[in-house]
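Have a look at the structure below before the remarks.
There are 4 protein chains.
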Amino acid sequence: MDGWLARVNDVDDNFYNETKIRVRYAETDRMGVVYYGNFFTWFEVGRVEFLRDIGFRYREVEEVDDCHIVVVEAQCRYRSPARYDDELLIRTRLKHFRGPVVRFGYEIVRADNGAEVADGETTHLVCDRQMKVRPLPPKLADPLRERLPK
Amino acid sequence: MDGWLARVNDVDDNFYNETKIRVRYAETDRMGVVYYGNFFTWFEVGRVEFLRDIGFRYREVEEVDDCHIVVVEAQCRYRSPARYDDELLIRTRLKHFRGPVVRFGYEIVRADNGAEVADGETTHLVCDRQMKVRPLPPKLADPLRERLPK
Amino acid sequence: MDGWLARVNDVDDNFYNETKIRVRYAETDRMGVVYYGNFFTWFEVGRVEFLRDIGFRYREVEEVDDCHIVVVEAQCRYRSPARYDDELLIRTRLKHFRGPVVRFGYEIVRADNGAEVADGETTHLVCDRQMKVRPLPPKLADPLRERLPK
Amino acid sequence: MDGWLARVNDVDDNFYNETKIRVRYAETDRMGVVYYGNFFTWFEVGRVEFLRDIGFRYREVEEVDDCHIVVVEAQCRYRSPARYDDELLIRTRLKHFRGPVVRFGYEIVRADNGAEVADGETTHLVCDRQMKVRPLPPKLADPLRERLPK
Numbered sequence: 001m002d003g004w005l006a007r008v009n010d011v012d013d014n015f016y017n018e019t020k021i022r023v024r025y026a027e028t029d030r031m032g033v034v035y036y037g038n039f040f041t042w043f044e045v046g047r048v049e050f051l052r053d054i055g056f057r058y059r060e061v062e063e064v065d066d067c068h069i070v071v072v073e074a075q076c077r078y079r080s081p082a083r084y085d086d087e088l089l090i091r092t093r094l095k096h097f098r099g100p101v102v103r104f105g106y107e108i109v110r111a112d113n114g115a116e117v118a119d120g121e122t123t124h125l126v127c128d129r130q131m132k133v134r135p136l137p138p139k140l141a142d143p144l145r146e147r148l149p150k
Numbered sequence: 151m152d153g154w155l156a157r158v159n160d161v162d163d164n165f166y167n168e169t170k171i172r173v174r175y176a177e178t179d180r181m182g183v184v185y186y187g188n189f190f191t192w193f194e195v196g197r198v199e200f201l202r203d204i205g206f207r208y209r210e211v212e213e214v215d216d217c218h219i220v221v222v223e224a225q226c227r228y229r230s231p232a233r234y235d236d237e238l239l240i241r242t243r244l245k246h247f248r249g250p251v252v253r254f255g256y257e258i259v260r261a262d263n264g265a266e267v268a269d270g271e272t273t274h275l276v277c278d279r280q281m282k283v284r285p286l287p288p289k290l291a292d293p294l295r296e297r298l299p300k
Numbered sequence: 301m302d303g304w305l306a307r308v309n310d311v312d313d314n315f316y317n318e319t320k321i322r323v324r325y326a327e328t329d330r331m332g333v334v335y336y337g338n339f340f341t342w343f344e345v346g347r348v349e350f351l352r353d354i355g356f357r358y359r360e361v362e363e364v365d366d367c368h369i370v371v372v373e374a375q376c377r378y379r380s381p382a383r384y385d386d387e388l389l390i391r392t393r394l395k396h397f398r399g400p401v402v403r404f405g406y407e408i409v410r411a412d413n414g415a416e417v418a419d420g421e422t423t424h425l426v427c428d429r430q431m432k433v434r435p436l437p438p439k440l441a442d443p444l445r446e447r448l449p450k
Numbered sequence: 451m452d453g454w455l456a457r458v459n460d461v462d463d464n465f466y467n468e469t470k471i472r473v474r475y476a477e478t479d480r481m482g483v484v485y486y487g488n489f490f491t492w493f494e495v496g497r498v499e500f501l502r503d504i505g506f507r508y509r510e511v512e513e514v515d516d517c518h519i520v521v522v523e524a525q526c527r528y529r530s531p532a533r534y535d536d537e538l539l540i541r542t543r544l545k546h547f548r549g550p551v552v553r554f555g556y557e558i559v560r561a562d563n564g565a566e567v568a569d570g571e572t573t574h575l576v577c578d579r580q581m582k583v584r585p586l587p588p589k590l591a592d593p594l595r596e597r598l599p600k
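Chains as they are written, first to last, in the working numbering: chain A, 1 to 150; chain B, 151 to 300; chain C, 301 to 450; chain D, 451 to 600.
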């Protein structure tokens with residue numbers, strides 16, 4: 001996957017993580033499509049894999065470094081419905097990072113034909129256990145900063 | 151509740167529905183607060199009660215009138231954390247309605263002290279069963295139009 | 301509601317809590333009925349309201365008394381489908397309580413005609429924050445014991 | 451994976467599917483562990499991959515063959531907590547299949563050390579779109595019957 005990702009990244013010049021998921025029955029609703037709120041869970045999956053990709057395990061970021069990447073704003077635009085058992089790709093990019101503010105962007109596309117399903121953004125504040133704003137320590141901030149859009 | 155709502159509405163001059171919920175254990179995450187994606191479920195609850203309040207049962211709108219109020223965009227801003235067993239008020243307003251496009255706005259506040267928890271918006275397209283855009287029939291469009299902001 | 305509950309309780313001689321919920325769109329799946337895993341969330345809602353009814357606020361039981369009623373077994377039998385916007389009653393009873401072991405029973409029925417939707421059980425161990433088994437303190441154990449089936 | 455599965459199957463002589471998942475933040479609750487109801491979503495994931503493994507795509511079973519494998523009973527025993535970001539294996543076996551009744555068994559273990567996390571069962575009735583009980587057609591029943599425990 002790395003090789004292919006690298007190739008893609010050559011094209012658009014910005015790093016992103018691509019994670020594949022399959023739509024669960026539990027995620028659908030009675031309209032026969034994925035319930036709109038569940039896309040935010042997939043954004044979380046993408047965000048966590050983005051961080052893993054650049055060397056962070058988010059669980060340890062919380063437990064060891066006491067940095068909690070708290071959501072302050074979330075947005076999703078729904079382009080075409082996702083259905084049960086569809087394979088989807090979540091593409092996660094870092095859009096902004098300055099001080100305690102981090103913003104991720106997401107694209108969700110069908111794995112079979114690349115058709116757009118949804119895109120969105122989440123904005124975060126880095127906080128400690130007591131929900132007090134704090135900066136990321138350099139060992140986390142530096143690799144993140146390297147993935148900012150050029 | 152109607153009387154009190156009426157009073158509130160005199161003040162801000164625009165109709166809104168207010169629905170009370172209690173945070174479920176299932177809705178929290180390991181940070182000890184409500185998972186960010188679950189606010190969109192509460193927006194749905196508010197939206198459905200707004201419609202019930204002005205005379206629609208959304209289930210029948212789907213089943214009898216073949217009108218599906220499909221989400222095309224959703225957004226939430228998180229002001230302060232919601233915690234397990236908190237009682238919250240969801241205030242839902244109609245923000246825009248023209249042709250097949252409907253937009254709702256939401257405020258979520260603590261029931262005990264009115265403190266802001268979150269606010270957001272959802273934008274919808276009215277579609278039929280086949281996801282083809284269609285207008286709402288007048289019996290549904292008219293009561294909705296009356297609740298547009300003045 | 302208290303008066304009516306009391307009457308019912310005279311009949312079957314055992315205490316139970318009855319809590320009304322309305323099925324959310326988010327809780328349905330593409331079969332058009334409630335996803336089977338969501339009944340366990342409703343059991344949680346019933347359990348928490350049962351405890352509130354006999355004087356406990358479960359949040360404080362966790363936070364103040366450091367007693368966590370951890371699930372060790374859960375079971376549900378599905379009698380008839382629950383659909384979007386249905387109003388349902390969750391009836392929760394204490395079935396067993398000895399030492400650190402607590403078992404609740406649940407019946408879910410339609411609010412309009414009393415038809416059975418599901419029933420089930422959950423078995424719990426009382427634990428502290430470190431997941432070590434501990435007994436409930438008397439102030440919590442005594443009111444619970446009074447609600448054991450006669 | 452097939453080769454390794456075959457080896458395991460030589461040992462216990464019964465076919466099972468093994469599917470790996472990673473615990474999502476959304477699946478945890480404020481106790482810091484996975485919410486008990488979410489295990490049933492994982493059972494669904496295991497069940498669907500079991501069926502895929504033996505040649506069924508469950509989505510087509512529903513859409514093309516009008517066979518809905520409706521849950522009539524579900525049970526889970528919780529052995530040890532699952533935590534955020536844990537990798538887990540879901541092992542799904544067919545336990546019973548006769549006429550319209552199908553029963554699956556599940557074991558969930560940690561991927562790193564094989565420690566038991568949970569096990570359970572779900573019992574199903576095969577129904578058509580109208581929730582009327584019907585048998586599976588032979589093309590589906592035969593491969594299923596071959597995976598019954600010996």
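By construction, the Cβ of each residue, glycine as well, lies at the ideal position given by its N, Cα and C atoms.
Query                                                                                                                                                 : Result
Between which residues of its own chain and B:F193 is the CB-CB distance below 8 Å, once the five residues before and five after are set aside?       : A224, C226, I240, T242, F254, Y256, G270, T272
From the beta carbon of B:T191, is the nearest beta carbon of chain D less than 8 Å away?                                                             : no
Given a limit of 7 Å on CB to CB distance, which residues of the stretch 23-52 of chain A reach chain C?                                              : Y25, A26, T28, D29, R30, G32, Y35, G37
Quick one: is D:G549 buried, meaning 16 or more other Cβ sit within 10 Å of its Cβ, or exposed?                                                       : exposed
In its own chain, which residues sit with a C-beta less than 6 Å from the C-beta of D:L575, not counting the 5 before and 5 after it?                 : V520, V522, P550, V583
For B:L201 and B:R207, I'd like the C-alpha separation in whole angstroms.                                                                            : 7 Å
Grab me the residues of A:S80's own chain with a C-beta within less than 7 Å of its C-beta, minus the 5 sequence neighbours each way, in chain order. : A115, E116, V117
Is A:K150 helix, strand or coil by DSSP?                                                                                                              : coil
Report the three-state DSSP secondary structure of B:K282 (helix, strand or coil).                                                                    : coil
Would you give the residue range spanned by the alpha helix (DSSP H) that D:V495 belongs to?                                                          : 489-503
By the three-class DSSP mapping on this structure, what secondary structure does A:N17 have?                                                          : strand
Tell me, which residues are paired with D:F547 by DSSP?                                                                                               : D:V552
Kindly indicate the opening and closing residues of the beta strand (DSSP E) around C:V370.                                                           : 368-378
Rank B:E199, B:R260, B:T191 by C-alpha distance to the C-alpha of B:F165 and give the top, closest one.                                               : B:E199
Determine the direct distance from the alpha carbon of B:Y228 to that of B:V184, and round the result to whole angstroms.                             : 11 Å
What are the boundary residues of the alpha helix (DSSP H) that C:V361 is part of?                                                                    : 358-363
Counting only C-beta atoms, is A:R57 closer than 8 Å to chain D at any point?                                                                         : yes
If we ignore side chains and look at the alpha-carbon of each, how far apart do D:V514 and B:D292 end up?                                             : 41 Å
What is the rounded straight-line gap between the Cα of C:P435 and the Cα of D:R533?                                                                  : 25 Å
Determine the extent of the beta strand (DSSP E) in which D:V483 is found, giving its start and end residues.                                         : Run containing D:V483: none; DSSP gives neither H nor E here.
Could you work out which residues of chain C lie near B:Y234, taking near to mean beta carbons separated by less than 7 Å?                            : R359
How many angstroms separate the CA atom of A:M1 from the CA atom of D:E537?                                                                           : Its pLDDT being 35, under 50, A:M1 is placed unreliably by the model, and the measurement read from it follows with that caveat. Near 20 Å, if we compare the C-alpha coordinates of D:E537 and A:M1.
Distance check for A:E27 and B:H218, CA to CA, integer angstroms please.                                                                              : 18 Å
Whole angstroms are fine: how far does the CA of A:R145 sit from the CA of D:F490?                                                                    : 39 Å
From D:E510 to B:G205, what does the alpha carbon distance come to, in whole angstroms?                                                               : 39 Å
Three-state secondary structure (DSSP) at B:R233?                                                                                                     : coil
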